[in-house]
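Visitor: Attaching a single structure in structure tokens format; questions to follow.
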Amino acid sequence: MTDQRPITTTDAGIPAPSDHDSLSVGPNGPLLLQDHYLIQKMAQFNRERVPERVVHAKGGGAFGFMEITEDVSQFTKAKLFQKGARTDLLLRFSTVAGELGFPDTVRDPRGFALKFYTEDGNYDLVGNNTPVFFIRDPSKFSDFIHSQKRRSDNHLHDHNMQWDFWTLRPESAHQVTLLMTDRGTPYSWRHMNGYGSHTFMWINAAGEKFWVKYHFKTDQGIKNFTDAEAAEQTALDRDYHVRDLSQAINAGEHPSWTVQVQVMPFEDAAGYRFNPFDLTKVWPHADYPPITIGRFVLNRNPDDYFTQIEQAAFEPANMVPGIAPSPDKMLQGRLFSYPDAHRYRIGPNYLQLPVNRPKVPVHSYSKDGAMRYENHGDPVYAPNTAGGPQADPSLYEHESYSVTGELVRAAYTLHAEDDDYGQPRALYENVLSDTDRANLASNIVGHASRPEVTAEMKARVVEYWRNVAKPLGDDVAKGLGVNGR
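What follows is the structure, encoded as structure tokens:
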């Protein structure tokens, strides 16, 4: 039967170049600003709601500091990661899908966004409480979030459309497996890990390059709600996580996390068994063991939630010398998307707000715009002969790397062991306990048993999980009453 669906178009009515892939230099290279459809999708998505965040709307946070206890100067020249460095920080926790007033104990990934006020300016690290994500190309981000939000017709969340997206995008399986375990319902923000999730580049003083992933391991220990306990807590207190963090800090119980990094030699990436820049993959610890480098502590609650947490703006593009992006396509997209969202949501001068303002002098040629309260005066252009600031390219001279390839819209080139189900299968078989596996199946069945989930969708859900692990798929089939192999 011929597919009679219309062709996707841009908002100008022009046929869209792809529903799936952004334009990159070769399958593994960086993305291109000329990809107008990607820019349109991200810019339009950032402007969907006012004034709360489109994603990560419900959250809370606190201030603290990070101390580096180990010498990692062989990997990076970034000053905040030198042994003995102590850096003030802000950490904002959040749920992903819910609105500003949504319960914070429901099943959802948790945002884990860090702002370091360094002597070289702000360094922002935007991650989650999971080391992976649902998708690997930013072109799919708005579509994914739409599938988790409310329907257009009845304004209700719809599990059927969530499973519709997940089962059509098998790269989601790793993250959905984590989401459907009890780690999808953490007991508190204090009792969960955080991850930078993306791959980043570190550069040392000699110009040597390394790929790195960040891990923040809770010193309070992992503690989760079961699905039933989370539902009970949601009924009792919609702001439980916000309240728990605030009360713990007020009581002097300052939560802390151990800071670890995985470091991959630059040359290893090309031949590594998994694509190291794919956000749906982890680097197995047996290959690149996490290295403990320090810890951070939250010891001060905000004085005013709106000015210090709601207006806090985190952007992955804020990187200090010694740290640079990788060709991770999701990271590349976020370099644009996050600051663009802040300019829309908070205003073009959001970086002048106290919570976002760096603790070092700003010498910028930006000027004017709504709500600006400080201009830097003449000269207002560069280059100039009037004594204005000038850039020092030597601070970044070793960040570049060679890329080649045709301009293509394509998925990543597969590495030797790349597939969408292998890592979630390993998680299920080798990491989860018997209790975890039983709860995983139960949580999936509960999520896919909602009245709006159709019989056809339940069959697809079963097939999705059988691809991860047949025993898991069989348990889900039994729970959903789906017949078949």
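Counted the way the working numbering counts, the sequence shown spans residues 242 to 726.
Positions of the beta carbon are idealized from the N, C-alpha and C atoms, including for glycine.
Among L713, R691 and V702, which has the Cα closest to the Cα of H400?
Guide: In the sequence shown, counting from the first residue as 1, residue 400 sits at position 159. Considering only alpha carbons, the answer is R691.
Visitor: How many Å lie between S263 and V453 at the Cα?
Guide: As a first step, residue 263 must be located in the sequence shown, where it is residue number 22. As a first step, residue 453 must be located in the sequence shown, where it is residue number 212. If you take the alpha carbons of S263 and V453, they lie about 24 Å apart.
Visitor: Nearest to A632 by alpha carbon, out of V603, V644 and D609?
Guide: Position 391 of the sequence shown, counting from 1, holds the residue named residue 632. Looking at the Cα atoms, V603 is the closest of the given residues.
Visitor: Which residue wins for smallest C-alpha separation from A696, given the options D675, V523 and G722?
Guide: Looking up residue 696 in the sequence shown gives position 455. Of D675, V523 and G722, the residue nearest in Cα terms is G722.
Visitor: Nearest by alpha-carbon distance to V561: which of D276, E638, D468 and E289 is it?
Guide: As a first step, residue 561 is located in the sequence shown; it is residue number 320 there, counting from the start. It is E638 whose Cα lies nearest to the Cα of V561.
Visitor: Once DSSP output is grouped into helix, strand and coil, what is the label at W443?
Guide: Position 202 of the sequence shown, counted from the first residue, corresponds to residue 443. In the structure shown, W443 sits in a strand (DSSP, three-state: E or B).
Visitor: With distances taken from CA atoms, which of L572, S683 and P344 is nearest T521?
Guide: Looking up residue 521 in the sequence shown gives position 280. Nearest option by C-alpha distance: L572.
Visitor: Which whole-angstrom value is the C-beta distance of G339 and D349, which I expect to be below 8 Å?
Guide: Numbered from its first residue, the sequence shown carries residue 339 at position 98. Numbered from its first residue, the sequence shown carries residue 349 at position 108. Yes, G339 and D349 are in contact; Cβ-Cβ is about 7 Å, under 8 Å.
Visitor: Once the 5 residues before and after Q403 are set aside, which same chain residues still bring their CB inside 7 Å of it?
Guide: For the purposes of this step, residue 403 is taken as the residue at position 162 of the sequence shown. Excluding sequence neighbours, Q403 sits near S388 and Q389.
Visitor: Relative to the alpha-carbon of L397, which residue among V702, Q488, E693 and K699 has its alpha-carbon at the smallest distance?
Guide: Indexing the sequence shown from 1 puts residue 397 at position 156. Out of V702, Q488, E693 and K699, E693 has the C-alpha closest to the C-alpha of L397.
Visitor: In terms of residue numbering, what span does the alpha helix (DSSP H) encompassing A712 cover?
Guide: Here the question's residue 712 lines up with position 471 in the sequence shown. The residue you asked about is not Ala; residue 712 is Pro in the sequence shown. K711 to L721 is the extent of the alpha helix (DSSP H) around P712.
Visitor: The beta strand (DSSP E) with W452 in it runs from where to where?
Guide: On the sequence shown, position 211 is the one that residue 452 refers to. Here the beta strand (DSSP E) through W452 covers K450 to T459.
Visitor: Spatial neighbours of N616 within its chain, please: CB distance less than 6 Å, with the 5 preceding and 5 following residues excluded, ordered by chain position.
Guide: The count along the sequence shown starts at 1 and reaches residue 616 at position 375. Closer than 6 Å at the Cβ level, and outside the excluded window around N616, lie K608.
Visitor: For the beta strand (DSSP E) holding E308, just list the boundary residues, first then last.
Guide: Stepping through the sequence shown from its first residue, residue 308 is reached at position 67. E308 -> beta strand (DSSP E) spans G300 to I309.
Visitor: Can you tell me whether F547 is buried or exposed? The criterion is at least 16 other CB atoms within 10 Å of its CB, across all chains shown.
Guide: Position 306 of the sequence shown holds residue 547. Classification for F547: exposed.
Visitor: Pull up the DSSP beta-bridge partners for H398, would you.
Guide: Residue mapping note: residue 398 aligns to position 157 of the sequence shown, counting from 1. According to DSSP, which records beta bridges pairwise, H398 is partnered with R391.
Visitor: From which residue to which residue does the beta strand (DSSP E) around N540 run?
Guide: The residue given as residue 540 occupies position 299 in the sequence shown. Per DSSP, N540 belongs to the beta strand (DSSP E) from I532 to R541.
Visitor: Is it the case that the CB of H495 approaches a heavy atom of the ligand ADP more closely than 7 Å?
Guide: Judged by which ligands are present, the structure shown has none, so any question about the ligand ADP falls away.
Visitor: On the DSSP bridge list, what partners appear for R333?
Guide: Walking along the sequence shown from the start, residue 333 turns up at place 92. G302 and A354.
Visitor: When we look at the beta-carbon of G512 and count the other beta-carbons within 10 Å, is it buried (16 or more) or exposed?
Guide: Taking the sequence shown and counting its residues from 1, the one referred to as residue 512 is at position 271. Exposed, because fewer than 16 other Cβ atoms sit within 10 Å of the Cβ of G512.
Visitor: Check whether the Cβ atoms of K318 and A446 sit closer than 8 Å, and answer yes or no.
Guide: The residue labelled residue 318 in the question sits at position 77 within the sequence shown. The residue labelled residue 446 in the question sits at position 205 within the sequence shown. Yes, the pair counts as a contact, with Cβ atoms nearer than the cut-off.
Visitor: Between the alpha carbons of V296 and R541, how many angstroms are there, rounded?
Guide: The residue given as residue 296 occupies position 55 in the sequence shown. The residue given as residue 541 occupies position 300 in the sequence shown. Computed Cα separation, rounded: 25 Å.
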